[in-house]
Amino acid sequence: MKILLEIKDLWVEIEGKEILKGINLSIPVGETHVIFGKNGSGKTSLLMTIMGFPAYRVKHGKIIFKGEDITDLPPYERAKKGIGIMFQRPPTIKGVKLRDILKLCAKENNLKIEELAQSFGFEEFLDREVNKGFSGGEIKKSELLQLLIQNPDLVLLDEPESGVDVENMQLIGEMIKKLLQKDIHHKPRTKSGLIITHTGFILKYIAADLGYVIIDGEIYCKGNPIEIFEGIQKYGYEGCKKCLKRFNFLSETGG
Amino acid sequence: MSKIDPKKFKSAKKSDIPKDLSELSEEERERLKVLGLDESLKREGEFVQVDAKPLLCKKEVEGLEILPITEALEKYKWLKDYYWKALSPEKDEFTKAAAEDLDNGYFVRVLPNYKLIYPVQACLYIRTENISQKVHNIVIVEEGAELNLITSCAVHPHITSALHIGVSEYYIKKGGKLTFSMIHMWGEETIVRPRTGIIVEEGGTYISTYVNLFPVKSIQTSPVCRLLGKGARASFATIVVNHPDSYIDIGGEVYLEAPNTRTEIISRTVVYGGENIAKGKIVAKSPKVKGHLECQGLMLSHKGIMKAIPELDSYFSDVELTHEAAVGKIAKEEVEYLMARGLSEDEATSLIVKGFLTIKIEGIPPALQKQIDKTLELASLGF
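Sequence order for the protein chains is W and P.
Going by our numbering, the residue at position 164 of the first sequence is 164; the numbering climbs one at a time, nothing skipped.
Going by our numbering, the residue at position 171 of the second sequence is 426; the numbering climbs one at a time, nothing skipped.
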């Protein structure tokens with residue numbers, strides 16, 4: 001099984017505060033993994049570190065993507081190599097239209113902006129200032145449209161279900177499925193994903209291959225995402241702390 | 256800013272001027288084309304002055320008059336009722352210099368109820384090193400008429416030092432509308448002193464857009480607009496890039512002198528260096544008026560200075576005057592957002608700056624917006 005992303009003993013701090021403490025994980029080509037965790041557990045920090053934002057300082061460890069150490073590369077180099085991220089709260093950029101960004105994302109592929117936007121009923125947003133006055137669902141659609149045009153091999157999604165009403169959740173689920181090639185069944189997928197979820201709703205739409213629980217910057221367990229989610233629903237994250245599987249996980253990763 | 260003596264510059268009247276525009280070099284024509292003097296663009300009329308001499312003055316439609324101001328003053332005795340009436344020749348040394356020794360300028364008039372569809376293009380071009388070009392322009396939009404006037408000002412691509420004094424008086428009669436746009440492309444040693452007075456009567460509209468994206472030594476201007484009749488309105492939009500060593504002081508004063516008049520003054524400035532002063536003043540001299548001032552500056556260098564000075568004066572309680580000013584640097588999260596989409600830091604910054612300077616102005620003709628976008632593209636190459 002070919003590995004797309006491998007994270008080895010990753011320690012990260014932000015403004016001098018340690019936020020990730022020895023993360024190990026690997027995502028094979030074509031697989032989608034999900035991360036569960038409370039607010040402030042380090043989930044978003046992990047995604048931001050994978051994307052390479054300078055505020056997230058790697059103190060120790062490595063990020064290997066497509067066999068190459070990318071730990072010191074700036075975000076745009078990582079984007080060019082095939083990593084894409086969906087922001088939870090993207091900024092508004094004055095005077096810059098969604099179309100302007102999509103055109104720049106489309107630089108190296110031929111996906112038609114208009115056609116794709118139309119297929120998700122989002123064409124009227126193309127000429128609006130990006131993210132300005134967008135509702136929760138509209139922000140997600142805008143982010144996913146940018147990712148679909150960017151066409152990355154590894155998709156990082158930060159709580160794709162947050163702030164989205166039920167009606168829009170279906171469409172957003174469809175967009176994520178397309179992004180992760182979940183609509184392909186009879187040939188191997190080439191796209192992988194790492195999805196943060198707080199509520200677990202996204203699991204109704206996306207079949208994930210593996211789940212992780214992050215608590216206080218550490219991975220506490222990994223396993224079947226549905227089972228982990230059911231466990232969290234029943235016992236909360238406190239249950240994860242007491243869970244014996246954690247010891248199996250630690251011994252497995254040498255922690 | 257040290258004092259400027261208009262007399263230190265050579266007279267524009269003595270320069271050697273080509274007989275017609277075809278004698279301009281390709282490089283010069285290219286520069287003027289960027290600023291709107293483009294045969295492929297539909298125009299209702301055109302006026303081109305090189306140094307002191309009008310080289311082109313033509314009109315394509317009925318209801319429009321275009322003349323060099325010196326000819327117009329001879330032809331129409333009544334024009335003296337408009338000459339130096341929205342502005343005083345005694346205002347400063349620059350108005351005095353223009354009053355004493357005028358080089359020329361344009362007279363544009365739209366007859367009552369004629370609504371011109373395409374723009375009228377005027378171009379004031381300095382071709383000779385170290386001259387002072389002193390122009391006086393008068394625009395009259397008669398009752399119910401509409402005019403869209405674009406004035407481009409530039410210096411020859413290879414000259415830098417010059418002084419441009421532009422006295423302009425605009426009169427918008429009852430229900431008339433003037434959309435006035437000015438695009439500047441000066442040299443690094445050019446000094447520019449526009450002096451503008453605007454009078455708008457009942458129900459009239461004045462929409463002004465000013466664009467200056469290239470290096471210049473010094474610009475100082477503060478158009479004074481009086482809204483004299485009920486329901487008159489004026490809007491000013493200024494888009495400026497302040498380069499290192501440029502001193503740009505642009506203001507705008509609007510006097511709301513009748514009920515239901517309203518105004519909006521918006522400016523966007525990007526500072527790469529030098530000194531920028533963005534002033535705006537709205538004076539309520541009547542009840543039931545409305546005014547808004549918005550001034551935003553983006554500082555891209557530690558070496559530049561930006562001063563935003565908004566002023567609101569009211570003599571009545573029943574008015575609505577507001578202002579909003581913000582000066583700061585580019586938000587890091589915006590740059591990082593675009594970097595995550597594969598843009599380098601420079602590409603991201605350039606897109607953000609372009610977006611910042613893109614203000615959608617109500618009533619601006621699409622052709623002009625295109626021209627501004629084109630100028631922005633060109634300017635961003637040098638960023």
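Heads up, the beta-carbon is just placed ideally off N, CA and C, and yes, glycines get one too.
Assign residue i to buried or exposed, taking buried as 16 or more other Cβ atoms, counted over all protein chains shown, within 10 Å of its Cβ.
i, result
"T434 of chain P", "buried"
"V509 of chain P", "buried"
"A352 of chain P", "buried"
"I83 of chain W", "buried"
"R89 of chain W", "exposed"
"K262 of chain P", "exposed"
"F286 of chain W", "Since the displayed chain W opens at 1 and closes at 255, residue 286 of chain W lies outside it and no answer follows."
"A581 of chain P", "exposed"
"T199 of chain W", "exposed"
"Q626 of chain P", "buried"
"G637 of chain P", "With a pLDDT of 45 at G637 of chain P, under the threshold of 50, the modelled position of this residue cannot be trusted, and the question is left open."
"E18 of chain W", "exposed"
"V166 of chain W", "exposed"
"P160 of chain W", "buried"
"I512 of chain P", "Here residue 512 of chain P is Glu; the residue named in the question, Ile, does not match the sequence. Label assigned to E512 of chain P: buried."
"I614 of chain P", "buried"
"R324 of chain P", "A quick correction: the sequence has Ile, not Arg, at residue 324 of chain P. The residue is buried, with at least 16 neighbouring Cβ atoms inside 10 Å."
"T464 of chain P", "buried"
"L10 of chain W", "buried"
"Q146 of chain W", "buried"
"Y570 of chain P", "exposed"
"K112 of chain W", "exposed"
"H185 of chain W", "exposed"
"Y235 of chain W", "exposed"
Using a threshold of 7 Å, state whether the C-beta atoms of residue i and residue j are closer than that.
i, j, result
"K268 of chain P", "A307 of chain P", "yes"
"P28 of chain W", "I3 of chain W", "yes"
"I228 of chain W", "G211 of chain W", "yes"
"I494 of chain P", "E530 of chain P", "no"
"I196 of chain W", "D158 of chain W", "yes"
"K314 of chain P", "L357 of chain P", "no"
"T415 of chain P", "E444 of chain P", "yes"
"A533 of chain P", "E424 of chain P", "no"
"H419 of chain P", "V394 of chain P", "no"
"E397 of chain P", "P367 of chain P", "yes"
"I176 of chain W", "I206 of chain W", "yes"
"K191 of chain W", "L180 of chain W", "yes"
Please list, in chain order, the chain P residues whose beta carbon lies closer than 9 Å to that of residue i.
i, result
"K80 of chain W", "G597"
"Y205 of chain W", "Those do not exist, as Y205 of chain W stays about 24 Å from chain P at its closest Cβ, beyond 9 Å."
"Y76 of chain W", "L593, M594, A595, R596, G597, L598, S599, E600, E602, A603"
"M1 of chain W", "The premise fails here: M1 of chain W is roughly 28 Å from chain P at the closest Cβ pair, so nothing lies under 9 Å."
"D158 of chain W", "Correct list: empty, because the minimum Cβ distance to chain P is about 11 Å."
"M175 of chain W", "Neighbours of M175 of chain W on chain P: none; closest Cβ ~17 Å, over 9 Å."
Which chain W residues are close to residue i, counting only those with a beta carbon under 9 Å from its beta carbon?
i, result
"I607 of chain P", "I93, K94, G95, V96"
"A643 of chain P", "A question about residue 643 of chain P goes unanswered here, because the residues of chain P that appear run from 256 up to 638."
"F611 of chain P", "I93, K94, G95, V96"
Taking the continuous alpha helix (DSSP H) assigned at residue i, which residues delimit it?
i, result
"T49 of chain W", "43-51"
"Q170 of chain W", "166-179"
"M594 of chain P", "587-594"
"V289 of chain P", "281-289"
"R78 of chain W", "75-81"
"A354 of chain P", "348-355"
Taking the beta strand (DSSP E) that residue i falls in, what are its first and last residues?
i, result
"R99 of chain W", "Run containing R99 of chain W: none in the beta strand (DSSP E); it sits in the alpha helix (DSSP H), 98-105."
"I414 of chain P", "Unbroken run through I414 of chain P: none, as it is neither H nor E."
"D306 of chain P", "Counting along the chain, D306 of chain P falls outside any beta strand (DSSP E), and DSSP gives it neither H nor E."
"Y465 of chain P", "460-467"
"Q551 of chain P", "544-554"
Taking 6 Å as the line, does the beta carbon of residue i fall inside it for any heavy atom of the ligand ATP?
i, result
"D153 of chain W", "The ligand ATP is absent from the structure shown, which contains no ligands of any kind."
Applying a beta-carbon distance threshold of less than 8 Å, which residues of chain W neighbour residue i?
i, result
"Y592 of chain P", "F87, P90, P91, I93"
"E589 of chain P", "P91, I93"
Quick one: which chain B residues come within Cβ less than 9 Å of residue i?
i, result
"T415 of chain P", "Reference to chain B is not applicable here, since the protein chains of this structure are W and P."
Determine the chain P residues that contact residue i at a beta-carbon separation under 7 Å, and present them in chain order.
i, result
"C105 of chain W", "R596, G597"
"F53 of chain W", "E591"
Would you mind telling me which residues of chain P sit closer than 8 Å to residue i, beta carbon to beta carbon, in chain order?
i, result
"F122 of chain W", "In chain order: nothing, as chain P lies at least about 17 Å away."
"D127 of chain W", "Ordered by position in chain P, no residue passes the 8 Å Cβ test against D127 of chain W, which lies about 11 Å from the chain."
### Query
Taking one C-beta from the region 426-443 of chain P and one from the region 393-406 of chain P each time, how about it: are there three or more such pairs within less than 8 Å?
yes
#### Entry: the region 371-386 of chain P touching the region 458-471 of chain P, judged by at least three CB pairs closer than 8 Å
no
### Query
Is the region 519-530 of chain P close to the region 548-561 of chain P, with three or more CB pairs under 8 Å?
yes
### Query
Would you call the region 92-109 of chain W and the region 53-63 of chain W in contact, with 3 or more CB pairs under 8 Å?
no
### Query
Using 8 Å as the threshold, is the region 129-145 of chain W in touch with the region 170-189 of chain W, meaning 3 or more CB pairs across them?
yes
### Message
With three or more C-beta pairs closer than 8 Å as the rule, is the region 94-105 of chain W touching the region 603-611 of chain P?
### Response
Yes, since at least three Cβ pairs between the region 603-611 of chain P and the region 94-105 of chain W fall closer than 8 Å, the two stretches touch.
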